[in-house]
Amino acid sequence: MICSNCGGEVKEGTKFCIKCGTPQDLAKIQKIDSQASKKRRSFTSRVWVRSIIGIVILIGVLVGIGFSEYTKSEETNEKKALRDQYLKLGRYQNAIDINPKNVDTYLEILKLYSVKNMEDEGLLILKEGYRNTSDGRLKDKIQELKDKLPVTDIGVTINQNEKYDLPARAKIKVNNSEEDLVVKWDQATADTSKVGTYTLLGVSEKYERKVKLTLKIIYDILQIEDLNAVITQGQQYVLPQKVTAKMKDNTTREFDVLWNSSVVNTDKVSSQVFNGSIDGYDKNVKLTLNISPIEKQVQMGKTLKDKLDTFFSSFAEADVKPFQNSDISDEELMNFTILNIYKNNWDLKGYNKLVETRSGDINNGFVKAATIDTITYKYFGKKVTVHKSIPGYTYEKGYYKLPRASVIIYPFSQVNKLYDLGNNLYIAEISIYQPSINFVGDPHGSLDNWLKSDPHSPPTLSKKVTTRIKKVNEAGKERYILISYQ
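Residue numbers for the sequence shown, in the numbering used here: 731 to 1216.
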């Protein structure tokens, strides 16, 4: 039962509500209970009806959604198949029109164009795709493709102050063929007032292909005549640093010239051609140097000839490489000196007075760096610039370590002619001979003498060399130093 006052539960037979203390009228309570029971039954019925209706609606919605998704899936598959068919047939625009927002379609078309080496058309497709989708992947791909496409180079040479209009169009190879395309340059005009080489950049309006124009502005030179010079063998000659040019306005002007070689060898009778270049001039400058023979030949007595033979044999023994104007490397100086020490400094007891020995090392000898300098100065008039290890010889703490030398059959030299250039300078023409292992003849002798002593294996001519030497006098002692060896 229910209390008529507070609505609390009242046990049957109880006259008062235990919650609020209100007296209870049994008939009234029964009426209230009856009404409450009806309300509960009515509410329960309505809940069931509503639940059933909700379930029916939910089922309908789910069925509708499923049918819609099924229909949409079927439609997507059909569109994809149709798109793929269009791509296969090369009908790219039809493939795009199916769904202009589909980024993959544009990327697929780019791949197809790339296979055909038609990246320029692929670039246009990517641009269309980016306009339709604003997709970042397409934007990045566009920039990547632009950087990849080759730049068209154009070269133009004009005279200083000559009027020059940048080309409005350019022949550009696109999609496997050459097209004449409109070009937009990064500047409107070209300044031709200063000589030099300038780079101008442009882009074609279609395909956005990069174009590079190399504009070379040269002096307005009409002519530079060829140069000629005649000198005597052994005479020093320096190539001119400037040349005179005739300009197109009938004036003359001097220009600095850069020659293809800065070294002039005048030791041999010859005709030598030098080519020079002028910055801002597109032609070569030509100089022909004719070297005539000298007339003052020295008549050598036996003493002088034998002395020079011995002097030049030292270089043959070391197989000195060609050099000019005392321009010989440190390595060549050291190689020469070490071989010279091995060859020429043994005493009667079998000891080399310039080579030191060390206990515990029977396979090597040791030579002071100062000794090397003394010998290079004696023969070349110069010392080693920097002492260091070279192939075959280790340098450490002021000494070179030299392995024991094996038996070597050394070549020797003979002077054929000697010319006096003046100022204690001479040109010597020499022959280098290679003896056999059994040769015991006179290295200063003639072929006839050698044949008499050994008719089967006389020394053979190895090569001929033209040299330049200088006679020096130091502390009252006269000697020769080698300046050039060709």
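Glycine is no exception: its CB is placed at the ideal position from the N, C-alpha and C atoms.
| Asked | Found |
| --- | --- |
| Paired residues, beta bridge with Ile1199 - DSSP | Tyr1156 and Leu1212 |
| Simplified DSSP assignment, three categories, for Tyr967 | coil |
| Element boundaries [beta strand (DSSP E), containing Glu851] | Looking at the DSSP string, Glu851 is not in any beta strand (DSSP E); the run it does join, the alpha helix (DSSP H), is Glu849 to Thr863. |
| Reduced DSSP secondary structure (H/G/I, E/B, other) of Phe985 | strand |
| Cβ pair count under 8 Å reaching 3, the segment 1031-1049 against the segment 1001-1016 | no |
| Same chain, Cβ closer than 8 Å to Ala1100, neighbours up to 5 away in sequence not counted | Gly1128 |
| Simplified DSSP assignment, three categories, for Asp979 | coil |
| Spatial neighbours of Phe1045 in its chain, beta-carbon cut-off 6 Å, leaving aside the 5 residues before and after | none |
| For Val1145: DSSP bridge partner residues | Ile1160 |
| Helix, strand or coil at Leu879 according to DSSP, with G and I counted as helix | coil |
| For Ile1105, the first and last residue of its enclosing alpha helix (DSSP H) | Ala1099 to Phe1110 |
| DSSP-derived helix/strand/coil call for Gly866 | helix |
| Counted within 10 angstroms of its Cβ, other Cβ atoms place Met1064 as buried (16 or more) or exposed | buried |
| Residue burial classification, Ser714 (beta-carbon count within 10 angstroms, cutoff 16) | Residue 714 lies beyond the range of the chain shown here (731 to 1216); nothing can be said about it. |
| For Ser1119, the three-state DSSP class (helix, strand or coil) | coil |
| Nonlocal neighbours in the same chain, by C-beta distance under 6 Å from His1117, ignoring five residues either side | Ala1099 and Tyr1125 |
| Strand pairing of Phe1041, partner residues [DSSP] | Paired residues: none, contrary to the question. |
| Under 8 Å between C-beta atoms of Gly1122 and Ile1024 | no |
| For Glu838, the three-state DSSP class (helix, strand or coil) | helix |
| Nearest candidate by alpha-carbon position, reference Asn1094, set Leu1132, Ile1068, Tyr1107 and Lys876 | Leu1132 |
| Segments assigned alpha helix (DSSP H), at least 4 residues, entirely inside the segment 1001-1051 | 1032-1047 |
| Three-pair Cβ contact test at 8 Å for the segment 862-874 versus the segment 944-957 | no |
| Assigned exposure category for Tyr836 - 16 Cβ within 10 Å defines buried | buried |
| Beta-carbon proximity list for Tyr1163, same chain, < 8 Å, skipping 5 on both sides | Pro1141, Phe1142, Ser1143, Gln1144, Pro1173, Pro1189, Thr1190, Leu1191 and Ser1192 |
| Endpoints, beta strand (DSSP E) assigned at Ala825 | It is not in any beta strand (DSSP E) - Ala825 instead sits in the alpha helix (DSSP H) that spans Tyr822 to Ile828. |
| Status (buried if at least 16 other CB within 10 Å, exposed otherwise) for Leu819 | exposed |
| Given 8 Å, three or more beta-carbon pairs between the segment 883-893 and the segment 941-950 | yes |
| Delimiting residues of the alpha helix (DSSP H) encompassing Asp1178 | Leu1177 to Ser1183 |
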